[in-house]
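All remarks here apply to the structure that follows.
Number of protein chains: 2
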Amino acid sequence: MSGYAPSEAARRSGFSLDTLRYYEKIGLLADVERTAGGQRVFTDDDLGWLVLFRCLRDTGMPIAQMRRYAQLARDGEHTADERHELLRHHAARVEEQMRLLQRQYDHLREKIRFYERLPAAAPGPEPGHGT
Amino acid sequence: MSGYAPSEAARRSGFSLDTLRYYEKIGLLADVERTAGGQRVFTDDDLGWLVLFRCLRDTGMPIAQMRRYAQLARDGEHTADERHELLRHHAARVEEQMRLLQRQYDHLREKIRFYERLPAAAPGPEPGHGT
DNA sequence: CTCCAACCTGGAGCGCGCTCCAGGTCAAGC
DNA sequence: GCTTGACCTGGAGCGCGCTCCAGGTTGGAG
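So the sequences go chain by chain: A and B.
Those letters in the first sequence? Residues 16 to 146, by our numbering.
Those letters in the second sequence? Residues 16 to 146, by our numbering.
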């Protein structure tokens, strides 16, 4: 139930081996266990962190901020409020990001509709068309 | 109704002066008009292109692809199908992007809810919690 | 005519987030 | 015991998309 080789951790998390090492090097993942010979052994807890990192990364959080979050968590329970705030703050930015993406997607679809109505008449050179 | 100084074009498009020059240099914006003395004069058409570039950029299209699109448009009407295809293809990627963003946003909200239910009991060190 | 802010060019530099490399070590299977 | 593939380290390099800089020119206001 616990103790994954690097390649297995990479497979499960979707991060590359290099990225896992990189995340440890910069202090996102701290104190990854090692075998007597020095090879990494990832725990379920590490995997849990990686899932979180993927979530934060995919929603555009900069690494510096993930680092801060991870550090706070390591500092103990008394940082829970600050972590909570950090995530709420991030969520707000993600919402804004989603709105922008939706808006620009709508523009894009409009542009595409232009091409779909195109066969009828001769078009101008480009843009315009109200976009 | 037409003929904007660089600073005005920057203001209207939301791109920096440096970015406008950069976009011209790499061939996104081609043949921007100049005054006798060599200073740029942006037309409404240029502005239209900039709006499109912003849309594509904000939805994550790499510059190389925008360049390709712009080049096709310059090549004439017979490239309309290819441009159409390029945009449709991009739109599909944007849809995927939106789905992923939504999914990760949901994870994030779940994590936040964890902090909101927290005051009740003692939490573990971190992750886990089903995330 | 003078001034000065806005503009020009070519090219170097940057911040991010990895990714790759060389040269060596570890450990499971035969 | 030997082989071989997965792993280790420190550090250099990269791809993207700008951003900044030095040193010079332009052009509208006063």
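For each residue, glycine too, the CB sits at the ideal point set by N, CA and C.
Is there a Cβ of chain B sitting closer than 8 Å to that of residue i, yes or no?
i, result
"Ala-24/A", "no"
"Thr-146/A", "In this prediction, Thr-146/A has a pLDDT of 44, which is less than 50 and means its spatial position is unreliable; nothing more can be read from the coordinates."
"Lys-130/A", "Here residue 130/A turns out to be Tyr, not Lys, going by the sequence shown. Taking Cβ atoms only, chain B reaches closer than 8 Å to Tyr-130/A, which makes this a yes."
"Gln-119/A", "yes"
"Ala-95/A", "yes"
"Arg-114/A", "no"
"Ile-127/A", "yes"
"Arg-27/A", "no"
"Tyr-19/A", "no"
"Arg-49/A", "no"
"Arg-82/A", "no"
"Arg-55/A", "no"
"Leu-133/A", "yes"
"Leu-123/A", "yes"
Give a yes or no on whether the minimum CB-CB distance between residue i and chain A is below 8 Å.
i, result
"Lys-40/B", "no"
"Val-109/B", "yes"
"Asp-73/B", "yes"
"His-104/B", "no"
"Leu-35/B", "no"
"Leu-44/B", "no"
For residue i versus residue j, is the C-beta distance shorter than 8 Å?
i, j, result
"Ala-20/B", "Tyr-130/A", "no"
"Gln-112/A", "Thr-74/B", "no"
"Ser-17/B", "Thr-50/B", "no"
"Arg-69/A", "Gly-29/A", "yes"
"Arg-36/A", "Leu-62/A", "no"
"Val-149/A", "Leu-65/B", "As displayed, chain A neither begins before 16 nor continues past 146, which places residue 149/A out of reach and without an answer."
"Leu-116/B", "Leu-116/A", "yes"
For residue i, which residues of its own chain have a beta-carbon under 7 Å away from its beta-carbon, when the five flanking residues on both sides are left out?
i, result
"Arg-89/A", "Ala-45"
Pull up the DSSP beta-bridge partners for residue i, would you.
i, result
"Leu-19/B", "This sequence places Tyr at residue 19/B; Leu is not what is there. Answer is Phe-57/B, bridged to Tyr-19/B."
"Glu-48/B", "Val-56/B"
Ordered along the chain, which non-local residues of its own chain (more than five positions away) have a Cβ less than 6 Å from that of residue i?
i, result
"Leu-32/A", "Pro-21 and Ala-25"
"Leu-101/A", "Tyr-84"
"His-144/B", "Low per-residue confidence applies at His-144/B: pLDDT is 43, beneath 50, and the placement is therefore not dependable enough to give any value."
"His-105/A", "Met-76"
Taking 8 Å as the limit between beta carbons, can you name the residues of its chain near residue i, skipping five residues before and five after?
i, result
"Val-56/A", "Gly-18, Tyr-19, Ala-20, Val-47, Glu-48, Arg-49 and Thr-50"
"Arg-98/B", "Tyr-84, Leu-87 and Ala-88"
"Arg-132/A", "none"
With a threshold of 7 Å (Cβ to nearest heavy atom), would residue i be considered close to the ligand FAD?
i, result
"Arg-118/A", "By its list of ligands, the structure shown contains no ligand whatsoever, and the ligand FAD lies outside what it can speak to."
Please go through the region 71-99 of chain A and give each complete alpha helix (DSSP H) segment of 4 or more residues, from N-terminal end onward. 78-90
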